[in-house]
Amino acid sequence: MADEPDPTCFAPSERACSDEIQRQFSILANHAIPGVLNAIPIIAMVLNRQRQVVHGNRKFVDVIGIGDIREALGKRPGEAFRCVHAAEHPGGCGSSEFCAQCGAVRSILLGLAGQDNIQECAINRDAGTGIEALDLRVSSASIHLNAEHYLIFSISDVSHEKRRRTLERLFFHDMLNTVGGVQGLMEFLVEEAPQSLQADARLIHRAVSQLTDEITYQKQLLAAETNELETNITPLRSVDILDVVEATFQNGEQARQKRLERHDGCSQVVFHSDPVLLRRVLGNMVKNALEATPPGGLVRLGCTPLADAVEFWVQNAGEIPRSVQMRIFSRSFSTKGLGRGLGTYSIKLLTERYLGGRASFTVNPGEGIVFRVRLPLEPDLYDAT
Numbered sequence: 001m002a003d004e005p006d007p008t009c010f011a012p013s014e015r016a017c018s019d020e021i022q023r024q025f026s027i028l029a030n031h032a033i034p035g036v037l038n039a040i041p042i043i044a045m046v047l048n049r050q051r052q053v054v055h056g057n058r059k060f061v062d063v064i065g066i067g068d069i070r071e072a073l074g075k076r077p078g079e080a081f082r083c084v085h086a087a088e089h090p091g092g093c094g095s096s097e098f099c100a101q102c103g104a105v106r107s108i109l110l111g112l113a114g115q116d117n118i119q120e121c122a123i124n125r126d127a128g129t130g131i132e133a134l135d136l137r138v139s140s141a142s143i144h145l146n147a148e149h150y151l152i153f154s155i156s157d158v159s160h161e162k163r164r165r166t167l168e169r170l171f172f173h174d175m176l177n178t179v180g181g182v183q184g185l186m187e188f189l190v191e192e193a194p195q196s197l198q199a200d201a202r203l204i205h206r207a208v209s210q211l212t213d214e215i216t217y218q219k220q221l222l223a224a225e226t227n228e229l230e231t232n233i234t235p236l237r238s239v240d241i242l243d244v245v246e247a248t249f250q251n252g253e254q255a256r257q258k259r260l261e262r263h264d265g266c267s268q269v270v271f272h273s274d275p276v277l278l279r280r281v282l283g284n285m286v287k288n289a290l291e292a293t294p295p296g297g298l299v300r301l302g303c304t305p306l307a308d309a310v311e312f313w314v315q316n317a318g319e320i321p322r323s324v325q326m327r328i329f330s331r332s333f334s335t336k337g338l339g340r341g342l343g344t345y346s347i348k349l350l351t352e353r354y355l356g357g358r359a360s361f362t363v364n365p366g367e368g369i370v371f372r373v374r375l376p377l378e379p380d381l382y383d384a385t
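First residue of the sequence shown? That's 1 in the UniProt record's numbering, and the numbers climb one at a time after it.
Below you can see the structure in the form of structure tokens.
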């Protein structure tokens with residue numbers, strides 16, 4: 001071991017000596033671990049108990065700009081990546097007051113304590129041509145080899161993902177503000193416009209409202225995919241929900257020259273769910289059915305009470321090839337062309353991840369195509385896994 005360790009502001013600064021590092025490297029070099037690490041398409045390295053690099057994969061070597069892994073041996077991750085804070089304390093990476101806020105150091109310390117984990121880390125590094133800001137996702141997993149404790153430390157650069165999500169939030173914020181302003185203006189014009197312009201004003205107001213709804217839907221879908229969507233569970237009545245969905249589409253463009261009917265035998269069921277998300281799910285089911293129905297065709301919607309759940313369904317005539325059925329809930333899969341396919345995907349995503357229910361469909365000659373959403377009367381009593 002090295003001589004007297006330096007004082008530290010956070011993680012221990014003690015290091016293994018160069019002979020110890022070489023011994024550990026030799027052990028790992030004769031093991032299958034390096035080959036496994038090289039098969040991983042992200043940065044991965046092996047750290048000892050002193051948080052020092054004792055091996056790493058080719059991706060790690062390439063990213064930090066060295067010719068051979070031996071050049072990185074003994075360094076800590078922040079030192080290898082030239083973190084701007086790595087040299088601010090004599091103890092090196094992990095020992096400065098800035099390191100107490102570093103997700104990478106926290107991940108490593110948890111890993112050394114036996115807790116495999118994933119953290120996020122924002123790092124400013126000296127890229128040679130200036131400071132480069134990176135957003136990283138890091139993970140630590142413990143391994144034991146020859147009775148010694150090591151850590152597999154891996155790094156993924158999620159900077160582009162972070163920037164995209166920031167831009168998405170700004171986009172939706174600005175778009176909804178702009179469209180909301182236009183919608184408010186059109187509401188005023190609908191009330192104040194002369195009789196000769198009333199029809200046009202209502203048409204524009206309806207179009208702006210549909211645009212607002214579509215932007216909100218895309219925002220909800222992105223939030224749902226990233227586990228950021230919040231639900232608002234309230235008491236609901238099944239027939240009331242169907243009435244709202246039916247009224248939404250009854251006179252819309254999708255239902256032109258088609259019939260949309262609510263099944264007469266629907267029972268009123270009181271249950272708990274998120275009304276906005278449920279209307280979105282049922283709306284997508286109706287929209288898909290209307291799009292698949294030729295002029296003069298019929299789309300029916302209804303609900304069925306079950307022992308501890310309520311099942312909503314939408315039915316239309318037709319058939320779906322078996323090859324299409326196998327991918328019906330897949331993201332971006334569609335028979336309608338490039339860039340479509342989020343409708344059925346969002347039905348399953350919102351129903352099963354956020355409403356605690358199940359989404360399914362059946363296709364048979366007797367009843368055509370039926371999409372179903374089964375929801376618990378009480379979400380916490382239903383297992384959607």
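Glycine included, C-beta positions come from ideal geometry on N, C-alpha and C.
None of the values given here were measured: they were computed from a predicted structure.
Taking the continuous beta strand (DSSP E) assigned at T304, which residues delimit it? Residues 298-305.
Nearest to S18 by CA position, among G35, P41, K75, V36, is which residue? Distances from the alpha-carbon of S18 to those of G35, P41, K75, V36 put K75 closest.
Sort I123, V370, D274, T293 by Cα distance to A253 and report the nearest one. Reading the sequence as shown, one finds Glu at residue 253 and not Ala. The shortest C-alpha separation from E253 is found at T293.
Starting from the N-terminal side, write out each stretch of the alpha helix (DSSP H) that is 4 residues or longer and does not extend beyond the region 253-329. Runs found: 275-291, 322-325.
T234 - DSSP class collapsed to helix/strand/coil: T234 carries a strand assignment under DSSP once its states are collapsed to helix, strand and coil.
Can you find at least 3 beta carbon pairs, one from the region 178-198 and one from the region 231-238, that sit closer than 8 Å? Result no; under three Cβ-Cβ pairs closer than 8 Å.
Excluding five sequence neighbours on each side, which residues of the same chain lie with their C-beta closer than 8 Å to the C-beta of G297? Cβ neighbours of G297 beyond the five flanking positions: K258, R259, N316, A317.
Report buried or exposed for N284, applying the criterion of at least 16 other Cβ atoms within 10 angstroms of its Cβ. Buried, because 16 or more other Cβ atoms sit within 10 Å of the Cβ of N284.
Does the region 130-147 come into contact with the region 109-116, if we say contact requires no fewer than three beta-carbon pairs (one atom in each stretch) closer than 8 Å? With a cut-off of 8 Å, the region 109-116 and the region 130-147 count as touching, because enough Cβ pairs lie within range.
S26 in three-state terms, based on DSSP: Per DSSP, reduced to three states, the secondary structure at S26 is helical.
Looking only at its own chain, which residues have a Cβ that is under 8 Å from the Cβ of P275, when we skip the five neighbours before and after it? Excluding positions up to five away in sequence, the list reads N232, T234, L236, I241.
I'd like to check one pair, L350 with L282: are the Cβ atoms closer than 8 Å? In terms of Cβ geometry, L282 and L350 do not form a close pair [threshold 8 Å].
Any idea if E79 is buried or exposed, counting beta-carbon neighbours within 10 angstroms, 16 or more meaning buried? Answer is buried; the Cβ neighbour count reaches 16.
Which runs of the alpha helix (DSSP H) fall wholly inside the region 165-230 and span at least 4 residues, in chain order? Taking 4 residues as the shortest admissible run, the region 165-230 contains the following complete alpha helix (DSSP H) segments, listed from N- to C-terminal end: 195-225.
Near C121, what residues of its chain come up, given a Cβ to Cβ distance below 7 Å and the 5 sequence neighbours on each side ignored? Sequence-distant partners of C121 (beyond 5 residues in either direction) whose C-beta falls short of 7 Å from its own C-beta, in its chain, are C102, G103, A104, L136, V138.
Is it the case that the region 171-178 contacts the region 47-55, given that we only count it when at least three CB pairs across the two stretches are under 8 Å? No: the two stretches stay apart, fewer than three of their Cβ pairs being nearer than 8 Å.
Could you give the DSSP three-state label for P376: helix, strand or coil? It is a strand residue.
Let me check understanding here. Comparing Cα to Cα, which of V370, L110, Y345, E228 lies closest to R327? Closest by alpha carbon: Y345.
Less than 6 Å between C-beta atoms, sequence neighbours within five positions excluded: which residues of the same chain meet that for residue 393? The structure shown does not extend to residue 393, since the chain is modelled only from 1 to 385, so the question has no answer here.
To the nearest angstrom, report how far apart R169 and L221 are at their CA atoms. Rounded to the nearest whole angstrom, the CA to CA distance from R169 to L221 is 12 Å.
Helix, strand or coil for C99 per DSSP? In the structure shown, C99 adopts helical secondary structure according to DSSP, grouped into three states.
Cβ separation of I108 and L151, assumed to be a contact under 8 Å, to the nearest whole Å: Yes, I108 and L151 are in contact; Cβ-Cβ is about 6 Å, under 8 Å.
Of the residues E367, G343, F271, which one's Cα is nearest the Cα of V310? Nearest C-alpha to V310: F271.
Quick one: what does DSSP say S159 is sitting in, helix, strand or coil? In the structure shown, the three-state DSSP call for S159 is helix.
So I69 packs on V63, CB below 8 Å; how close in whole Å? So it is not a contact: roughly 12 Å between Cβ atoms.
Using the C-alpha atoms, what's the distance from E97 back to P12? So the alpha carbons of these two residues sit roughly 12 Å apart.
Chain-order list of residues whose beta-carbon lies under 8 Å from that of T212 (same chain, five-residue window excluded): These residues qualify, in order along the chain: L176, V179, G180, Q183.
Name the residue from R280, E378, G130, G67 whose alpha carbon lies nearest to the alpha carbon of G343. Nearest of R280, E378, G130, G67 to G343, Cα basis: R280.
Residue burial classification, P41 (beta-carbon count within 10 angstroms, cutoff 16): Result: exposed.
Taking the C-alpha atoms as reference points, what is the distance between L301 and S360? For L301 and S360, the gap between their C-alpha atoms comes out near 15 Å.
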